[in-house]
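Here's the structure we're looking at; comments come further down.
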Amino acid sequence: MKNFWKSLSCLLPFCVLTACEPQRTREEGSGQEGDVHSVTTRMYVLCEGLYGMNNSSLYCRDMRTGETCQDIFRQQNGRGLGDTGNDMGIYGSKLYIVMNGSNTVEVLDARTAVSLKQIGMRDGNGIGRQPRSICFEAGKAYVCSFDNTVCRIDTASLEVEAVVEVGRDPDGICVSNGKLYVSNSGGLDYPLYDSTVSVVDLASFQEIKKIKVGGNPYTVAADSLGHVYVCTRGNYEGFNQKGRGPLAREQAFPDGKGNAGAKAGTEGYNFYRIDTRTDEVDKVFDIPVLNFRIQGHCAYLYHYDYGSGDSWISCLDLRSGNLMEGDFVTDGTEIQTPYAIGYDTYMDQVYVGDAGNFMVSGNVFGFPPGGGGCLLALRGVGLNPSSFAFWAEPDTSLAR
Amino acid sequence: MGLFLFSCLFLLCGRAQAQGTLDSVQELRPVEVRGHRPAARSANLLTSVQVLQASELARFHPAQLGEAVKQFAGVNVKDYGGVGGMKTVSVRSLGAAHTAVAYDGVLLSDAQNGQIDLGKVYLDQVKSMALYNGQNVSIFQPARNFASASLLSLETYSLPDFDSLRTWQAGFSFGSFGMLSPSLSYRRRLGKRWGMSAALRYDYVYGNYPFVLDLGGTSQELERENSDVQSGNAEVDFYFLPASKHRLDLKMVYYGSERGLPGAVIYYYRPSAQRLEDQNAFGVLRHTWQVSPSVTQRNVLKYNFLYNRFQDPESLGSRPVDDRYWQQEAYLSSVTLYQTPVKGLSFSGALDLAFNFLRSNEPDFATPVRSSLWFNLAGKYTHPYVEVMLNGLVSAFFDRVRSGPQPGDKFRLSPFASVAVFPLGNRSLSVRVFYKDIFRMPTFNDLYYSRVGNTSLRPEQARQLDAGFTYLLPDKGRIWHLEVSADFYRNWVRDKIVAYPTTNLFIWSMMNVDRVEITGLDAVLKAGTAFGRSGLASRFGLDMQLSYTLQSALDKTDPDGPTYNHQIAYTPRHSGSARLTLSMPYVSLSYQAVFSGIRYALNQNIPENRLEAYVEHGLGLDVRFDWEKAGIEIGADWLNFTHVQYEVVRGYPMPGSNYRVHLRCRF
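Protein sequences appear in the order of chains A and B.
Letter 368 of the first sequence, counting from 1, is numbered 1032 in the working numbering, and no numbers are missing.
Letter 529 of the second sequence, counting from 1, is numbered 554 in the working numbering, and no numbers are missing.
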C-alpha cells in the first residue's frame, strides 16, 4: 500500500504537466470555429478532510489519460487548501472552493488549478463567517455562510461587494427565477433547528421572504421548470438511536412512489418542492433524502442511515413525481457512506463520493445517468469527498 | 508485619524488612540529594514497575507530571503543546482512559472525562512515582485500584519524611514565554504523634510561543495565541497517629485554572478565542488500623468536586457557547489484609463504593447519577524463589438519568494472575508473567454529551498478557550499579470507544467499533557509577537510563476495511528516552532526550496522515548548597535546545527552544 502511494506521488508532477499543458492553443483555435462539442478533460473532487486537521485536498483526474493527482491544489500552489472544504463550483474559467474552517474562498484557474486569489471570508470584527456553499448568476458568485449571511462576490474583481442577512446558519444556496434560495439549517443552535428557506431578490439583494419547510433544511437546488427543491433532515431521526429505524427501501417509499405527502411537515427527513412564482411549498415528497443533485428532469437522491449503515441511491422523475424502478446501482458496487453526488453534464455521468467511515481516504464511483453498473471507480481520492466539478474543453478529435 | 510489608512496598516499592508497628514507618528516610548517591534501589517485584524518585526528578526539574512520565518505557504522553495544553498518558497503546492515577493510594477520578490531565498534579508534593503495568504489586489496595489496565501511583511526602526535611520551602520559577511560578510549602512534625503540611503554588504562563507552520510546500512563521494559563494548587494534609496501631491521614487538595484554548492551528485563519475554566477540590480521609498482628485494615472516605466551564465567544450560534458542568463524587473504600499463619501467604478483601453525579447548564441534559461498586479478593504468596498473586474483581455500575435514554446496568468479573520466579533466590533476577482482563466504563461524556454521547455503549475491553525479566546487579559494596529489564506484551482491545463523524463532519458520535491488537516490547537499562570509593572522588558520579519501546498496535476492526492491520493513530512504532546525569559536589548536570518515531494522525497509514519522527533534547543544571542555615537550590533547564519543530497531536505545534530557571530555598 505504501509503495503504491509512493509511486503515485512520484508520478504526480508528470501527470499534471503532461495532462494539462499541451494542446491548449490548438483547442482554443479550433474552438473559435464553432460547433464543437466539449468533452470533460478534468474531474475535480473536493475532499473535505477532517475539522481542525487542515487536510482538505483537491483530487484531480485527467479524463482522457486517466492520470490522477491526489492534491493538485497543493502541487500547483505549494500550499494546502486548508481546513474543511465544503463546496466548490466552476463559473467561467474559474473554480471557486469554499473553505469552511479556513474561512476563505479559493479562486483557481479551472484549467490549471493555480490559485488566482484567496478571498478572506471574515466579518468586520475579523471573525470567520464559516462559508458553506456557493452558486453563480450573471457574473456574480453568491456564498452563504454560517454567520447568517450571503456574500456577493464579483467574478471579475473577485471582491466581496455586498452582504445580506439570512439565517439561521444557512447551509445550501441556489438561484432560480431571479432569486436566491438559501436553506437555513439552524444547525449551530442544535436542537433548536431552523426550518426556513430565505428568498433573496437578486436585483435589490434583500431578503424578501422566509418559506417554512421542515426542520434543519440542507441542500437546495433548482430545476429548469421554475421549481426549487430542498431536503430537510430534522433531528437526524432514523439515525443513531431513535426515529424511523433502519430505512429499508420498502419503508422509505411506502407507496412505491415516494409521493405520499401524508407525513408532510413531520420532523425528520423530507423532500420539499417550492414554486418560485409564488414562493410557497407546493409539494412534499415523503422521501427521506440526505442529499441530492438535480439534472434535467431527474433528481438524484441518496440516503444513508448511520444507525444501520444502510444507504440507497435513486432517481426521482421531477415531472411525474415517480421514483425510478429498481436499484440505481445494479452491479453490487459497494458504497459504504454516500457523501456527495455530482453530475458531469458534458459526459452525462453521475458520480457518487463515498466517505467510508469518514476517517479514511474515500472513493468515487461513476454511473450512467439512468443507473446501472459502475463505469469508473476511483479509490482513495481523499478524506470525505464532498463535491465535484468538471472542466471541459472542446473535443479536438471532432474538430479535426 | 503485614501492614509494614505492604505499606513499604507501597511507599517506596522497596524491599521488605520486618517491622512492628505503624510508627515504625518513620524509620524510612527519604534520600536527600547531595553530591552523588545512587538512587534508592528497588527490589524485583511481581510485575514490571518503573519508579522515579523525587531525588531523580530534581535533576531535571519537570514543571509538570506529564514531562516526568515521558521518561518511562511503554508510555505515550499525548501533549497538546505548551503549559496549558492537556497532557494525558497512554500506557502500551491502550489509551489514556485505561490509565488510572493514584494519589497517595486513592485514585484521582473524573467520571465526565475518564482521563486525568496530568497538568493538574502539583509535582512538588510528589516524593515518588511508580508506573505499574497491570496493577500495583501490593494486594493491600482499594478495590478500584485493581480496575485499570495500568496504574500511575504518586506518593507525596508524609509524616515520617518530615523528620529529615526542612520545614519551609519557598520557590520561584520563571522561564520562556512569560512563565512564572511562586510556591511555598510547610512540612512539619508537630508532636510525637502528629504532623501537618501545607503547600501553595501559583502559575502563570503567557504562553504565546513562536512556531513554524508548514502550509504544505511553503511555510509561515507564526505565534501561538490565546494560550495563556493561570492556575493554582493548594494542599493541606494532616497526619495523626493516635495510638501505635492507628494512623489517620487527612488530605485536602485544590486545583483551579483558567486558560485560553488556542485550538488546532488552522491554515489562513486566526486562533480560537475559546476559554476553559477548571476547578477541582477533593478531600480524603484515610484510616489505617492494625487490628491484630495478622490483620490490617484501611478505610478511605473521599469527596471530590469538579467544575468546568467552556466558553467560545466567537461561536456563530445564536446563543454564545457557555457550557458548565458540575461533578461530584463520594467514594468509600475498605480493604482488609490478612496475613495467614503460612509464611508469605496473605489475602485481602476490598469493597469500594462510589457515587458520581454530573449536572450541566445544557438544556435537556441527562444529569446522570452513577453508583459503582467494586469488590476485590486477592491472594499473594511470597517465597524466596517464587511469588504469585491472584485476584478477582467484581464490578457493577448503575447509571440513572433524569432525561433521555438510560443505559443498562453493567456487571463484570475481571481476573488477574501473576507469577514471578527468582531463580537466584536473592531477587536479583526475576522472570515474570502476568495476565489481566479488564475494561473501562464509558465516561459520562461518552454516554451523555450533547449529540455526541451514545447511551448504548458497552465497556471497552482490554486484555493484557505480559512476560518479562529484570536483572539487578546485587549490591555487594560495589560503587557501580546496573539494572536491565525487558517486557514483551500482547494486548487485545475490543469494543474500543471511538468518536466517529456521523452524517456530516459537524456531528460526531461515540461508538464501540474498533478492535486493536498490540504487540510490544519495553526495555530499560539503568547503570551508574561513582568515581571513587571514598573521599572526593566518591562524590562524583555518572548515571544513565535508557528506555526503548516497540509497539505494533494494529487495527483489527474490519478485515476488508482500508485500515486493517494499519498502526493505530498517534502510536509510534518506535519510541524511547535517554537520560544522563553527571553528579559533582554542589552541582549536577543532566542531559535527556525523548524520541518518537513516525506516527499517523488517523488510523490509515498514508502519507497524508503522517507525523514526522522527532527527538527532543534537554539540558539541566542543578546547583545545591547551604547558605547560613538555609538550603539553596538553583536549577536551570534548556529544553528542546536543538529547536526541533514537532507535533505530538496534529495541528498542535510544540514549543521550540526554551528555558526555565528554578530557585528554591529550604529553611
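No residue lacks a Cβ here, since even glycine has one placed at the ideal position from N, Cα and C.
Where residue i meets chain B, residues with beta-carbon distance less than 8 angstroms
i	result
V1024/A	G586, P587, T588, L627, N628 and Q629
D811/A	L341
Q782/A	Y293
D995/A	None at all; the shortest Cβ gap to chain B is about 18 angstroms.
Residue i: contacting residues in chain A (beta-carbon distance under 7 angstroms)
i	result
R476/B	Y854
Y525/B	N1021, F1022 and M1023
S343/B	R832 and D853
E339/B	I791
L240/B	R743 and G744
E248/B	Going along chain A, no residue has its Cβ under 7 angstroms from E248/B, so there is no contact; the nearest lies around 16 angstroms.
Residue i, enclosing beta strand (DSSP E) - first and last residue
i	result
F202/B	Looking at the DSSP string, F202/B is not in any beta strand (DSSP E), and its letter there is neither H nor E.
Q353/B	V346 to Q364
V987/A	In the sequence as displayed, the identity of residue 987/A is Leu instead of Val. From DSSP, L987/A is part of no beta strand (DSSP E); its letter is neither H nor E.
F949/A	E944 to F949
Q870/A	Q870 to K876
T313/B	Q299 to S317
For residue i: DSSP bridge partner residues
i	result
D228/B	S256/B
Y966/A	N955/A and I977/A
L454/B	Y496/B
T606/B	D568/B and S615/B
C724/A	Y708/A and C733/A
P795/A	S809/A
T544/B	R515/B and S577/B
C838/A	Y845/A
Contact belief for residue i with residue j at Cβ below 8 angstroms, rounded distance in angstroms
i	j	result
S439/B	L418/B	4 angstroms
A445/B	D434/B	In fact, because the Cβ distance is near 37 angstroms, the residues do not count as touching under 8 angstroms.
V325/B	K276/B	At roughly 10 angstroms, the Cβ-Cβ gap does not stay under 8 angstroms, so V325/B and K276/B are not in contact.
S1051/A	L710/A	5 angstroms
Y845/A	V884/A	5 angstroms
A306/B	E260/B	With a Cβ gap of about 10 angstroms, A306/B and E260/B do not count as contacting.
8 angstroms Cβ cutoff met for residue i and residue j
i	j	result
L77/B	Q89/B	no
D228/B	Q194/B	no
T819/A	Y755/A	yes
S840/A	G890/A	yes
M1023/A	N628/B	yes
T596/B	G139/B	no
L780/A	K804/A	no
Q570/B	V237/B	no
S222/B	Y157/B	no
D377/B	S358/B	yes
V131/B	V114/B	no
R84/B	G645/B	yes
G643/B	D662/B	yes
Residue i, enclosing alpha helix (DSSP H) - first and last residue
i	result
R84/B	A79 to F85
G404/B	Element bounds for G404/B: not the alpha helix (DSSP H) but the beta strand (DSSP E), V394 to T407.
L184/B	L184 to F187
Y470/B	Before going on, a small fix: residue 470/B reads as Asn here, not Tyr. From DSSP, the alpha helix (DSSP H) with N470/B extends over F469 to Y473.
N899/A	Premise fails: N899/A is in no alpha helix (DSSP H) and is neither H nor E.
I736/A	I736 to N741
G656/B	Where G656/B is concerned, there is no enclosing alpha helix (DSSP H), although the beta strand (DSSP E) it sits in stretches over A655 to L664.
E633/B	Element bounds for E633/B: n/a, residue is neither H nor E.
V94/B	L90 to V94
Closer than 9 angstroms at the beta carbon, the chain B residues around residue i
i	result
S766/A	I291, Y292, Y293 and Y294
Within chain A, the residues that residue i reaches when beta carbons sit closer than 8 angstroms
i	result
G676/B	G716, M717 and N718
Chain B contact residues for residue i, given Cβ-Cβ distances below 7 angstroms
i	result
Q794/A	L341
R738/A	G241 and G242
D747/A	I291 and Y292
Chain-ordered neighbours of residue i on chain A, where CB pairs are closer than 9 angstroms
i	result
T243/B	N741, G742 and R743
E302/B	By Cβ distance, chain A contributes nothing, its closest Cβ being about 22 angstroms from E302/B, past 9 angstroms.
E658/B	In chain order: nothing, as chain A lies at least about 42 angstroms away.
Interface positions of the region 485-517 of chain B facing chain D (Cβ-Cβ less than 7 angstroms), listed along the chain = The structure shown contains no chain D; the protein chains it does contain are A and B.
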